[in-house]
Every structure is written in C-alpha cells, then in structure tokens.
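Beneath this line is the structure, given in structure tokens, with notes to follow.
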DNA sequence: GTATCATATGAATAGATGTTCAAATGATTG
DNA sequence: CAATCATTTGAACATCTATTCATATGATAC
C-alpha cells in the first residue's frame, strides 16, 4: 500500500536518456549560466534600458537623467547603482557632480542585438 | 510661508538643459524601449537560460528538460510558456509528446553576445 | 468506453525587485 | 564654521515573478 501510494505520487517523466546525456555534456557550468541570467536581468528593466540609451548619446549627471526620464533623483540613483555594480556604467566625479557614461562598447552591442530582435 | 514650505519640499535637480534636449531627441520611442526591456527580462532568469542553452544542443521534450535541470515538469512547462509567448522557442507535437526547439538564430546571437561579456 | 501518459493550466505562496520617503554623506561657497 | 547642492544610502511598501500543488486537457492503448 505504502509503495503504491508512493508510486501514485511519483512523476513519470518522458525522458530520452541518450539525448539528455548528450545535452548535459554540452551545457556550460551552472555558475556561468547563472551569471549570464544576472546580466540579462540588469537589462530587463525599462528604466535601466532608458538610462543606458541616454548614455549612448552623452555623458550625463544624475539630475540630467532624472529630468530626462521624468523620475525622482533617488530612483535614478538606485538604478545607477545597479548598473555600476554590474560594470555597465562608470561615474566620473567633478566637484559635487557625478558624470555617468557607459563602461564599454559591449553594452551597446548587446542592446543593439536585442533591439534588432524587437524590431522584427 | 506656504510658498517657502513648498520650496523646501522641491527637489533641486542639477540639470544641463542643452544636453538633455539633445539626448531626448535621440531616444527611441518609449514603446520600443519597453519591449526591449521585456525581451531581456525573458533572458534574465537562470531556468530559462538553461532551457535555451539545452535547446542549442538538441530538440527536447518537456520531460527531457525537467530531468536535465532537475526540476518539476510543471515548473519547466510554465517557463516554456514564457519562452513560447515571446517567440523564443517553438513546439512540435508528435503524439502526446511536444518537442521544443529554438524559434530562430537571433536567440543564440543574443545569448552568445551576453556570454562574451560574462566571460571577461 | 476506461486507463494511462505527456503536457498544460490555475490558484496560492514565498521570495525578489523598483520606487518612495527620510536621512546621511561629500563637496563647494560664503 | 554653517549653509547649500548633488548624490547616496537604508528601510518600508507595493508589485511582480517563479515554483509548487492540484487539476484539467489531449492523445494513445487496451
């Protein structure tokens, strides 16, 4: 009885074992996949995308971005922190003002590639 | 007094108006930026990234993927729905089994580009 | 028809995430 | 030094999201 109940609860999966084994060999390490997802997560917010697009055009301070997006300065600052932590933007301090710009061209390439897909 | 209080509450933003105007002109339409963020959001989950990577290697049914990732069949099915809705994967029905594969090569390009950034 | 298997769906729940508010830092000016 | 400005930080709150559980659909086999 107990065994039958256990079997009832069991999930019978349709599995093609050979294929699964083959695919498993070709999978990158867990950590890389996790990091990749984390990277895309950063791009997966419209506020951050807007900030990055704005920085395509010019170096901007926090206030500029807030004005541009019609958002509070704090909200922008929080998002800039996310972008900074993930090395997508960098800040240059000039007196009290911090001017932000893109870290490298990789950022632009990734976004452009995504935009191509969206444009279809 | 009332006016002063209002001013106290006011957020004084540091804004370079000329720059902001220039950048504003070069910004893509709101909707495109929103769609782009939505696209990246789909890539921004490690389960979905793993599924996509698995589909790089072979056409797989739901059970295969569940086994491969060590996840429940339902969890995988829910994520496949997200990927299907966003046209990143497509399903081919053969009897009771649904075989999933990538919709197009764009998916691979975007992920590869992201992985390059992570690998640094 | 019923039974079984593969997948899908809906509701519920727990955890993550973005914005706001209040307060703190850091730099300039008088 | 105090006052002001630009930015940052932390906590609170509301919303979103991924997984689980239970159930439903859809297809094959008996």
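Chains as they are written, first to last, in the numbering used here: chain A, 1 to 120; chain B, 1001 to 1120. Even for Gly, the Cβ is constructed at its ideal location relative to N, Cα and C.
When rounded, the separation of the alpha-carbon atoms in residue 1087/B and residue 1039/B is 10 angstroms. Cβ contact annotation for residue 1054/B (same chain, cutoff 7 angstroms, sequence separation greater than five): 1060, 1065, 1068, in chain order. Look at residue 91/A here: in three-state DSSP terms it is strand.
Counting along the chain, no alpha helix (DSSP H) covers residue 101/A; the unbroken beta strand (DSSP E) around it starts and ends at 97-102.
Taken atom to atom, the span from the alpha-carbon of residue 36/A to that of residue 1096/B is near 33 angstroms.
Taking 8 angstroms as the CB threshold, residue 100/A stays off the interface with chain B.
Here residue 21/A is exposed: its Cβ has fewer than 16 other Cβ atoms, across all protein chains shown, within 10 Å.
Checking the DSSP bridge columns, you'll see residue 60/A partnered with 100/A. A residue is called buried when at least 16 other Cβ atoms come within 10 angstroms of its Cβ; residue 1063/B meets this threshold and is buried. Taking each of 46/A, 94/A, 120/A, 57/A in turn and checking the Cα distance to residue 79/A, the smallest one comes out for 46/A. Remark: C-beta atoms of residue 102/A and residue 89/A approach each other more closely than 8 angstroms. In this structure, residue 49/A sits away from residue 56/A, with a CB-CB distance that is not shorter than 8 angstroms.
In this structure, the alpha-carbon of residue 1106/B lies about 20 angstroms from that of residue 32/A.
A straight line joining the alpha-carbon of residue 117/A with that of residue 17/A spans about 34 angstroms.
In this structure residue 23/A is in contact with residue 1058/B, their Cβ atoms being roughly 5 angstroms apart against a cut-off of 8 angstroms.
Looking at 1093/B, 1028/B, 1120/B, the one whose alpha-carbon comes closest to that of residue 115/A is 1028/B. Here the alpha carbons of residue 74/A and residue 98/A stand approximately 14 angstroms from one another.
Residue 1113/B is positioned such that its CB atom lies closer than 8 angstroms to that of residue 110/A.
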